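Under this note's numbering, the first residue of the sequence shown carries the number 5, and numbering increases by one thereafter. Note that beta-carbon positions come from the ideal geometry of N, C-alpha and C, so glycine has one too. It should be emphasised that the depicted structure is a prediction, and the values quoted were computed from it without experimental measurement.
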Amino acid sequence: MALQFRTIGLVVRPDARSSDTVATLISHLDSIGCTVKLELEAAGELQDSAHEALKAPNLAEAVDLIITVGGDGTLLGAARL
Numbered sequence: 005m006a007l008q009f010r011t012i013g014l015v016v017r018p019d020a021r022s023s024d025t026v027a028t029l030i031s032h033l034d035s036i037g038c039t040v041k042l043e044l045e046a047a048g049e050l051q052d053s054a055h056e057a058l059k060a061p062n063l064a065e066a067v068d069l070i071i072t073v074g075g076d077g078t079l080l081g082a083a084r085l
């Protein structure tokens with residue numbers, strides 16, 4: 005089965021509890037051949053320089069799918085994009 009979503013954006017509410025989850029998610033997406041792009045603020049908090057970081061409105065335009073890691077506010081914010 006071919007991948008339908010090749011470029012994945014991550015919108016993350018970084019905190020100590022989510023950093024391992026996000027690292028695992030990014031590793032998995034990389035391993036299956038996806039291009040991962042991060043929301044600019046999250047990339048800084050995660051100290052991830054290996055993936056492109058974009059401002060939120062630009063991220064929404066540059067990806068096929070957005071995955072959120074956080075709470076209701078993170079999800080609602082991404083939905084507005």
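Between the CA atoms of residue j and residue i - distance to the nearest angstrom
{"i": "S1", "j": "V26", "result": "The structure shown does not extend to residue 1, since the chain is modelled only from 5 to 85, so the question has no answer here."}
{"i": "G77", "j": "F9", "result": "24 Å"}
{"i": "C38", "j": "I30", "result": "9 Å"}
{"i": "V64", "j": "D24", "result": "Note that residue 64 is Ala in the sequence shown here, rather than Val. If I take the Cα positions, the gap works out to 24 Å."}
{"i": "E49", "j": "S35", "result": "23 Å"}
{"i": "L88", "j": "R21", "result": "The structure shown has nothing for residue 88, since the chain only spans 5 to 85."}
{"i": "L42", "j": "A83", "result": "15 Å"}
{"i": "G13", "j": "L79", "result": "13 Å"}
Rounded distance between the beta-carbons of residue j and residue i, thought under 8 Å
{"i": "V15", "j": "G81", "result": "7 Å"}
{"i": "A66", "j": "T11", "result": "7 Å"}
Proximity to residue i [Cα-Cα], best of the options
{"i": "N62", "options": "L85, H32, T28", "result": "L85"}
* To do: State whether the stretch 69–78 contacts the stretch 48–60, with contact taken as three or more CB pairs (one from each stretch) at a distance under 8 Å.
  => no
* Along the chain, which unbroken stretches of the alpha helix (DSSP H) at least 4 residues long are found entirely within the stretch 43–75? -> 44–50, 60–66
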